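Take the sequence shown: its position 35, counting from 1, is numbered 76 in the numbering used here, and each next residue is one higher.
Encoded as C-alpha cells, the structure appears first; notes follow it.
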Amino acid sequence: MKRLTRVLAVVLTLTMVAAACGSDDDGGDAAPATTAAPATTAAPATTAAPATTAAPAAAAEDSSDPIKLPIHNWSSQIAGVYAVGAMLESTGNSVEYISADSTLVYTSMCEGDMDLVHEVWQGAFGVAFEEQVDKGCVIDAATHDAKTREEWWYPSYIEDVCPGLPDWQALNECAEMFATPDSGGKGRFLGGPVDWLKGDQERVDGLGMNFIVENAGTAGALWAALETASANQEPVVLFNWTPNFIEAMYDGKFIEFPEYGEGCKTDPEWGINPETTHDCGNPKDGYLKLGVWSGFPDKWPTAYAAVQKMNFTNLDIAQLAMYVDIDGMEPEDAANKWLADNCGRWTGWTGADSSACPEAPVAAETLYDYGVTEDTIRVGAIADLSGIFAPLVIQIMDAQTAYWDMVNDNGGIDGKMVDLVVLDNGYDVPTHLDRYEAMRDKDSGVVFLSQSTGSPHTAAIAEMLVEDDLGAIPLSWYSGWPDPSFGQNVFESYTNYCYEAINAVDWLSANVVDGETKLAVISYPGEYGQDGAAGAKIAAAALGIEVVYDGEGAAIPGADQTPVITGLIESGANLVWATVGPSVFAEIFGGAAAQGFTPIWSGSSPTYNYMLLATPLAPALDAYYYQSAYALTWNAGDAPGMKTMVAELQARMPDKPLSDVYTYGWTEAMATHQILETAANNGDMTRAGVVRAANETVIDYQGLAPDQSYGGEINDFIVRESYLFDIQADLFDVAATVADGGSTGSVMLAGGPIMSDITRDHVYEEACFSAG
Numbered sequence: 042m043k044r045l046t047r048v049l050a051v052v053l054t055l056t057m058v059a060a061a062c063g064s065d066d067d068g069g070d071a072a073p074a075t076t077a078a079p080a081t082t083a084a085p086a087t088t089a090a091p092a093t094t095a096a097p098a099a100a101a102e103d104s105s106d107p108i109k110l111p112i113h114n115w116s117s118q119i120a121g122v123y124a125v126g127a128m129l130e131s132t133g134n135s136v137e138y139i140s141a142d143s144t145l146v147y148t149s150m151c152e153g154d155m156d157l158v159h160e161v162w163q164g165a166f167g168v169a170f171e172e173q174v175d176k177g178c179v180i181d182a183a184t185h186d187a188k189t190r191e192e193w194w195y196p197s198y199i200e201d202v203c204p205g206l207p208d209w210q211a212l213n214e215c216a217e218m219f220a221t222p223d224s225g226g227k228g229r230f231l232g233g234p235v236d237w238l239k240g241d242q243e244r245v246d247g248l249g250m251n252f253i254v255e256n257a258g259t260a261g262a263l264w265a266a267l268e269t270a271s272a273n274q275e276p277v278v279l280f281n282w283t284p285n286f287i288e289a290m291y292d293g294k295f296i297e298f299p300e301y302g303e304g305c306k307t308d309p310e311w312g313i314n315p316e317t318t319h320d321c322g323n324p325k326d327g328y329l330k331l332g333v334w335s336g337f338p339d340k341w342p343t344a345y346a347a348v349q350k351m352n353f354t355n356l357d358i359a360q361l362a363m364y365v366d367i368d369g370m371e372p373e374d375a376a377n378k379w380l381a382d383n384c385g386r387w388t389g390w391t392g393a394d395s396s397a398c399p400e401a402p403v404a405a406e407t408l409y410d411y412g413v414t415e416d417t418i419r420v421g422a423i424a425d426l427s428g429i430f431a432p433l434v435i436q437i438m439d440a441q442t443a444y445w446d447m448v449n450d451n452g453g454i455d456g457k458m459v460d461l462v463v464l465d466n467g468y469d470v471p472t473h474l475d476r477y478e479a480m481r482d483k484d485s486g487v488v489f490l491s492q493s494t495g496s497p498h499t500a501a502i503a504e505m506l507v508e509d510d511l512g513a514i515p516l517s518w519y520s521g522w523p524d525p526s527f528g529q530n531v532f533e534s535y536t537n538y539c540y541e542a543i544n545a546v547d548w549l550s551a552n553v554v555d556g557e558t559k560l561a562v563i564s565y566p567g568e569y570g571q572d573g574a575a576g577a578k579i580a581a582a583a584l585g586i587e588v589v590y591d592g593e594g595a596a597i598p599g600a601d602q603t604p605v606i607t608g609l610i611e612s613g614a615n616l617v618w619a620t621v622g623p624s625v626f627a628e629i630f631g632g633a634a635a636q637g638f639t640p641i642w643s644g645s646s647p648t649y650n651y652m653l654l655a656t657p658l659a660p661a662l663d664a665y666y667y668q669s670a671y672a673l674t675w676n677a678g679d680a681p682g683m684k685t686m687v688a689e690l691q692a693r694m695p696d697k698p699l700s701d702v703y704t705y706g707w708t709e710a711m712a713t714h715q716i717l718e719t720a721a722n723n724g725d726m727t728r729a730g731v732v733r734a735a736n737e738t739v740i741d742y743q744g745l746a747p748d749q750s751y752g753g754e755i756n757d758f759i760v761r762e763s764y765l766f767d768i769q770a771d772l773f774d775v776a777a778t779v780a781d782g783g784s785t786g787s788v789m790l791a792g793g794p795i796m797s798d799i800t801r802d803h804v805y806e807e808a809c810f811s812a813g
C-alpha cells in the first residue's frame, strides 16, 4: 500500500481553531470516534503499557475496586482509554479494561457494569447517553473542548461532475452517479459500523432521498473504500467525522443537510417532512463528553475530582488516532506518547507529580540484512536484454528505471535511495541461474527482484528464492505462480496466461466471430506457451467449441514455421489463439495471411508488439487481430495511474518511442515500491521481512490494472480479469515519441477489464499446465 506520511502539522492547522472554540453544550447528533478500526498492525514503538508508576497516595476514601473502562472499535478511543486509565492510576486507583459495545455501554453503566466513558460523541451516542443521564444513573461529568461534526462526506473532485454540491438536494439529483451493482439503481451511501447508530436510513426516508445505506464493518473499511475511489477518481459518498486525521489527507466536504435542531429526531412535526423524523443534518459543533456511573463520585472521590478536570481538544483526538493509524503504534504505546508529550497538562488534572509521566516510546530501528544499508536499497532485475523478448523487455526496464528515479527524487523509501541492479539473461535459463548467483550474494546482492524474465527461467530459481528468503516479481504470467508449493516467493502481477486465454476466447467467440466458432491453438513449448494453450482449450471445452487445429508446443523459436502455417490454413479455423513471441507471430500471421487465411486472431500479451504496425502487416492486423493484455496499454483511459505514468515518462524519457509495455515496467516497480514501504513501516527490511511484507500488501495499481494481493486463500486473491483491445492502425504514428503522448493503435474494448464466467467460477488448485 502507498505509505501514509506523517500529517501532524496539517492536523494541527486544521484543529487549532476548533480547539479554541470552547465548549458549547448545544444538543444534537454527531459521530463515532475519530479514526479507523482498532489498529493491529506491526508497530514501530517498543514500550510497555501506559505508565502506572510514581503516583501520590490515593485518597483514603477511594475504593480499592478497579474502575471499569470500555474499549470500543475506533483508534482514538482505544488509545485514549489507555491514557485515561493511566491518569486514574496516577491517583492511586486501579483500572480494568473491558471490550464493550459503544451504544449499549450507557445501559451497562446504569447496571453498574461500566464506570466511565471518556469519548461520548454527540451525533453517534448523544441520544443513548442523554437518556441514561435523564434516568439519573449516568452523570455528565465533563465536556471536552473538542468540537465534533459527523456527517455524510465526499471527496472534492466529485464537484466537477455533480454541480451544486455540497447541498443535499444536489447530491440527490446525482444519486445514480453513486450507484453500485447491488444498489438497484439508487445511489449508495457508505455508512459507519451499525453500532455507531447514525440514523442514516431514517434520514434517507425523512428527506425522500434516492439512496440506499450500506454499513461498513469497520472504520478501516471506510478508509479503504475512500482510498480506492480517490485513486480512480470514482464517485463515493460516505460517513466521516472531525476531528479525524483523514481531513489532512483528502480534500473533501461534508454534505449540507437542513440544519439540525431540537426535535429533529423525535418530533415528526419538526422540519420539512411532517410525517417523519430525521429530516435534518447532524450538529455542526457537536459535543464530546465524559460520562461516569452515578455512584462514581462516592466510590472514587479522588478519581472523580481528576475526571472533572479532564479535557481533550480536537488536536488530542486527532493525534491519538494518527499515532495508531498512520505511525503504526500499538494503542498502549500511543497512549504513552500522548502522556509523555502532555505531562504538564494531565498531571495538573490528577495532582500527580511529573514522575508519573512515562517516557515517550522510542521507535525501533529498522532491521535489515542483505541488499539494504543505512542509505541504500538494492533492487534487482534479471531481464532479457538480448534474447527473443528483448525489444519488449528493454522498454519495460526503461519504465522501471524512470519509476525508481521518480521515487529517489521524492526522498526514496524510509530515507534510503533505491539502486536498481539490472543483469541480462539473454532469455537463457543457464544464464539466468548465473545472474541469480549475483543477486543472492550476501555482500553485493539485492533485497528483492522487481523482475525475473521468463517462465522456465523463474521456475529454475523458485526453490532457491525460498532458501534465500528472496522475493521476485516474474515477467511471466504462468498460472503456477499462485501455487505456494511451486511459487511461494514468486509474487505474480495481474492474471495468468491460462485465465487470459479463457477470457479472450469466450469474449471473442460471443462478440466478434461470425457463426459457429472453430478454434485453432498455436504456442511455444513450455510453461509460457502451453499454459496459454491450455487456457484456450479449457474455454473451448466449456463453451462447446471445436478445436480444429491443436498446435500446442508446435511453434518452436528459430524453427521453420511452415508446418504450423499449413496446419492452420487446412484447419478452416475462424479464431486463432497464439502464445508465442512477436517475431514468430509475425512469421506465422504474415505467412498465413499471404495465402488468404484471414480468421480472427488474438494471443497472450507477449505475442504482440505494436511496432508490427510499422510493417506491411499493419492492414491485416487492423482487420483481424485483437490484442489481449493484463493492464492498460499506453495512454489508454483516464485512470489516475495512467496520468501519472505518462506525465513522469514524458518528463524523464521524452525521446523514447511509444510502447504498450511501459505499463508493465511501471507497475512492476509500483508493486515493489509498495511492498518495500510496507516492510519499512513494519521496521523489518530484511529479505525475510520484505517477503512477509509482500504477503501483507494489497498492491494499488491506481487503475492501471486490477489490484493485487497475495495473502489468504488463493481463490480469494488470484486475479481473474484481463483486457482486450481493437487494433486501429491509423491511430499509430511510428515516428511519435513519449513526449507526443499519442497512441499505439490499441483501443480498449468492453469499457474495461473482462472476465469470463468460466474464469470467475474456476476453482484454482494448480497450474493449468505443468511440465513436470
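A virtual CB, placed ideally from N, CA and C, is assigned to each residue, including glycine.
Treat the numbers as computed from the prediction; the structure is a model and nothing was measured.
DSSP beta-bridge partners for residue i?
i: Ala393; result: Its beta-bridge partners do not exist; DSSP assigns none.
i: Thr849; result: Residue 849 lies beyond the residue range present for the chain, which begins at 42 and ends at 813; the question has no answer from this structure.
i: Ser811; result: Answer by DSSP bridge pairing: none, since Ser811 is not bridged.
i: Trp209; result: Per DSSP, none; premise fails for Trp209.
i: Trp618; result: Val562, Ser643
i: Arg190; result: Thr283
Determine, using beta carbons only, whether residue i and residue j come nearer to each other than 8 Å.
i: Leu699; j: Gly783; result: yes
i: Asn676; j: Gly369; result: no
i: Gly240; j: Lys306; result: yes
i: Val589; j: Ile563; result: no
i: Tyr538; j: Ala746; result: no
i: Ser550; j: Leu609; result: no
i: Leu853; j: Ala375; result: Since the first and last residues shown for the chain are 42 and 813, residue 853 lies out of range.
i: Phe430; j: Gly724; result: no
i: Lys559; j: Glu587; result: yes
i: Arg728; j: Asp509; result: yes
i: Glu152; j: Pro107; result: no
i: Trp334; j: Met155; result: yes
Closer than 7 Å: is that where the CB of residue i sits relative to any heavy atom of the ligand MN?
i: Met218; result: Looking for the ligand MN in the displayed structure turns up nothing, as the structure carries no ligands at all.
Determine the DSSP secondary structure at residue i, reduced to helix, strand or coil.
i: Leu516; result: strand
i: Met834; result: Residue 834 falls outside the range modelled here, since the chain spans only 42 to 813, and no answer is possible.
i: Val779; result: helix
i: Gly678; result: coil
i: Asp591; result: strand
i: Gln602; result: coil
i: Pro196; result: strand
i: Asp317; result: Just to set this straight, residue 317 is Thr in the shown sequence, not Asp. In the structure shown, Thr317 sits in coil (DSSP, three-state: anything other than H, G, I, E or B).
i: Trp881; result: In this structure the chain extends from 42 to 813, so residue 881 is not present and cannot be described.
i: Tyr364; result: helix
i: Glu297; result: strand
i: Trp311; result: coil
i: Thr738; result: coil
i: Val403; result: coil
i: Phe766; result: strand
Uninterrupted beta strand (DSSP E) stretches inside the stretch 447-502 (no shorter than 3 residues): 458-465, 489-494
query: Is the stretch 496-503 touching the stretch 776-796 in the sense that three or more CB pairs, one from each, lie closer than 8 Å?
result: no
field: Start-end ranges of the beta strand (DSSP E) lying completely within the stretch 218-284, minimum 3 residues
entry: Those beta strand (DSSP E) runs which fall completely within the stretch 218-284 and span 3+ residues are 228-232, 252-256, 278-283.
query: On the three-pair Cβ rule with 8 Å, is the stretch 642-658 touching the stretch 744-758?
result: no
Three CB pairs or more closer than 8 Å across the stretch 169-179 and the stretch 132-151: yes
field: Touch test, the stretch 766-774 against the stretch 523-540, Cβ-Cβ under 8 Å, three pairs minimum
entry: no
query: Pairing CB atoms from the stretch 469-480 with CB atoms from the stretch 435-455, are three or more of them under 8 Å?
result: The answer is no - the stretch 435-455 does not touch the stretch 469-480, with fewer than three Cβ pairs under 8 Å.
- prompt: Which full runs of the alpha helix (DSSP H) of 4+ residues lie inside the stretch 512-563, going along the chain?
  reply: 525-528, 538-552
field: Sufficient close CB pairs (3 or more, under 8 Å) joining the stretch 376-391 to the stretch 408-425
entry: no
- request: Return the chain-ordered ranges of every alpha helix (DSSP H) run that is complete within the stretch 638-722 and spans a minimum of 4 residues.
  value: 659-665, 681-693
field: Complete alpha helix (DSSP H) runs within the stretch 110-148 (minimum length 4 residues, chain order)
entry: 116-131
message: Counting beta carbon pairs with one atom in the stretch 272-279 and one in the stretch 214-223, are three or more of them shorter than 8 Å?
response: yes
- request: With a floor of 3 residues, list each beta strand (DSSP E) that falls wholly inside the stretch 322-391, ordered by position along the chain.
  value: If only complete runs of 3 or more residues are kept, the stretch 322-391 shows the beta strand (DSSP E) at 329-334, in order along the chain.
- prompt: Within the chosen definition, does the stretch 645-659 reach the stretch 679-687 through at least 3 CB pairs nearer than 8 Å?
  reply: no
field: Touching by the beta-carbon criterion (3+ pairs, under 8 Å), the stretch 280-299 and the stretch 199-216
entry: yes
query: For the stretch 511-528 against the stretch 800-808, are there 3 or more C-beta pairs whose distance is under 8 Å?
result: yes
message: For the stretch 338-357 against the stretch 387-400, do three or more pairs of beta-carbon atoms, one drawn from each stretch, fall closer than 8 Å, so that the two count as touching?
response: yes
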